[in-house]
Amino acid sequence: MAGEIKTITNPIVNCYLIKTDSGFIMVDAGVSFYRGALKKALKQAGCRPGGLKLVVITHGDYDHTGNCAWLQKNYSAKIAVHKSEVGAVEGGDMFASRKNKQNTGLRISQAVFKPLFFRKCKPDILVGDGDDLSQYGLDGRVVYIPGHTTGSIGVLTGEGDFFCGDLLTNSGRPEKNRLVDNEAEMDASIEKLKTLGEKTVYPGHGKPFRMEEFIKNSP
Ligand SMILES: [Zn+2]
Numbered sequence: 090m091a092g093e094i095k096t097i098t099n100p101i102v103n104c105y106l107i108k109t110d111s112g113f114i115m116v117d118a119g120v121s122f123y124r125g126a127l128k129k130a131l132k133q134a135g136c137r138p139g140g141l142k143l144v145v146i147t148h149g150d151y152d153h154t155g156n157c158a159w160l161q162k163n164y165s166a167k168i169a170v171h172k173s174e175v176g177a178v179e180g181g182d183m184f185a186s187r188k189n190k191q192n193t194g195l196r197i198s199q200a201v202f203k204p205l206f207f208r209k210c211k212p213d214i215l216v217g218d219g220d221d222l223s224q225y226g227l228d229g230r231v232v233y234i235p236g237h238t239t240g241s242i243g244v245l246t247g248e249g250d251f252f253c254g255d256l257l258t259n260s261g262r263p264e265k266n267r268l269v270d271n272e273a274e275m276d277a278s279i280e281k282l283k284t285l286g287e288k289t290v291y292p293g294h295g296k297p298f299r300m301e302e303f304i305k306n307s308p
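Numbering follows the working numbering, with no gaps: position 67 of the sequence shown is 156.
The structure is reproduced here in structure tokens:
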């Protein structure tokens, strides 16, 4: 059963801590230099080493994976990613999971930010569309939503909460993320999202929002 959801945020990115009947699950791992907020949230929630059963990484960009290795080491957490993101998570190449290798903005951003943000991690589990997360204590499943990267995934809970990674953002208003690798995949993922019956969307960037708000605002 999906329980209380705690947003762990900083000026760069969100990650989410979900209390379950048998422990905790996280979606994304944030950046290492804001680890203080993560530590505090885990402590306040009463999550001890061994209590964090799984960390689902929505995609391998640095801002979402920075504390993976630390969570593995200190909480014995298992890190789950889509197979297409393994190269990015292990080696820090954001183009490893992207089709468009000519994105100059991303190339510059990688050159600048990789030394600051990237923390190497070896994922424990590969997940894909429809994978049931109940064995980790969560009434929920993985949803494949490519477009921002090839291996982007979200998590849908039985209560209609959807953790969308960087498919949608809410910096000002709920909208499609402007950093698109493949437009057709991204649009198809958004259409897929509209059929899932989710109520609240928890984005990687910006505040959680109601799905109906996004639908109302989208063209
Ligand atoms: Zn991001």
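Backbone N, C-alpha and C fix where the C-beta goes; we use that ideal spot for every residue, glycine too.
ask   = DSSP puts proline 263 in a beta bridge; with which residues?
value = The sequence position of residue 263 within the sequence shown is 174, counting from 1. DSSP, once it has assigned bridges, lists Asn259 as partnering proline 263.
ask   = Is any heavy atom in ligand 3 found nearer than 7 Å to the beta carbon of glycine 149?
value = Annotation note on ligand 3: not contained in the displayed structure, which lists ligand 1 as its ligands.
message = Given 7 Å as the limit, tell me if aspartate 182 has its C-beta closer than that to any heavy atom belonging to ligand 1.
response = Position 93 of the sequence shown, counting from 1, holds the residue named residue 182. In this structure, ligand 1 has no non-hydrogen atom nearer than 7 Å to the beta-carbon of aspartate 182.
message = Could you check whether isoleucine 94 and isoleucine 114 sit closer than 8 Å to each other, using their CB atoms as the reference points?
response = Taking the first residue of the sequence shown as position 1, residue 114 is located at position 25. Taking the first residue of the sequence shown as position 1, residue 94 is located at position 5. No.
request  = Report whether the distance from the Cβ of histidine 153 to the nearest heavy atom of ligand 1 is below 7 Å.
outcome  = For the purposes of this step, residue 153 is taken as residue 64 along the sequence shown, with counting starting at 1. At least one heavy atom of ligand 1 sits closer than 7 Å to the Cβ of histidine 153.
inquiry  = To the nearest angstrom, how far is the alpha carbon of leucine 131 from that of histidine 148?
reply    = Your numbering for residue 131 matches position 42 in the sequence shown. Your numbering for residue 148 matches position 59 in the sequence shown. Leucine 131 and histidine 148: Cα-Cα distance of roughly 22 Å.
message = Given the structure, does valine 102 come close to ligand 1, in the sense that its CB is under 7 Å from one of the ligand's heavy atoms?
response = The residue given as residue 102 occupies position 13 in the sequence shown. With a threshold of 7 Å, the Cβ atom of valine 102 counts as near ligand 1, since some heavy atom of the ligand is closer than that.
task = Could you please give the first and the last residue of the uninterrupted alpha helix (DSSP H) stretch that includes aspartate 276?
result = In the sequence shown, residue 276 corresponds to position 187, counting from 1. Looking at the DSSP string, the run of the alpha helix (DSSP H) that includes aspartate 276 is 272–282.
query = Relative to ligand 1, is the shortest distance from any of its heavy atoms to the C-beta of glycine 240 smaller than 7 Å?
reply = Taking the first residue of the sequence shown as 1, we reach residue 240 at position 151. Glycine 240: no, Cβ never under 7 Å from ligand 1.
ask   = With a CB to CB cut of under 8 Å and the five nearest residues on each side skipped, what residues in its chain are close to lysine 188?
value = On the sequence shown, position 99 is the one that residue 188 refers to. Excluding sequence neighbours, lysine 188 sits near Thr239, Asp270 and Asn271.
query = From methionine 90 to isoleucine 197, what does the alpha carbon distance come to, in whole angstroms?
reply = The residue given as residue 90 occupies position 1 in the sequence shown. The residue given as residue 197 occupies position 108 in the sequence shown. Any reading at methionine 90 must be qualified, since the residue scores a pLDDT of 46, below 50, and its modelled position is unreliable; the value itself is stated next. Rounded to whole angstroms, methionine 90 to isoleucine 197 spans 42 Å at the Cα level.
query = Just to confirm, does histidine 171 get its C-beta within under 7 Å of one of the non-hydrogen atoms of ligand 1?
reply = Here the question's residue 171 lines up with position 82 in the sequence shown. Answer for histidine 171: no, Cβ out of range of ligand 1.
ask   = Mind checking whether asparagine 259 and proline 292 have CB atoms under 8 Å apart?
value = Within the sequence shown, the letter at position 170 stands for residue 259. Within the sequence shown, the letter at position 203 stands for residue 292. In contact: asparagine 259 and proline 292 (Cβ atoms closer than 8 Å).
query = Does DSSP put asparagine 103 in a helix, a strand or coil?
reply = Residue numbering aside, residue 103 sits at position 14 when the sequence shown is read from its first letter. Asparagine 103 falls in the strand class under three-state DSSP.
key: C-beta atoms of methionine 275 and valine 290 nearer than 8 Å   = Here the question's residue 275 lines up with position 186 in the sequence shown. Here the question's residue 290 lines up with position 201 in the sequence shown. No; because the gap between Cβ atoms is not below 8 Å, this pair is not in contact.
ask   = In or out: leucine 205 buried (at least 16 other Cβ within 10 Å) or exposed?
value = Taking the first residue of the sequence shown as position 1, residue 205 is located at position 116. Residue environment analysis places leucine 205 among the exposed positions, since fewer than 16 neighbouring C-beta atoms fall within 10 angstroms of its C-beta.
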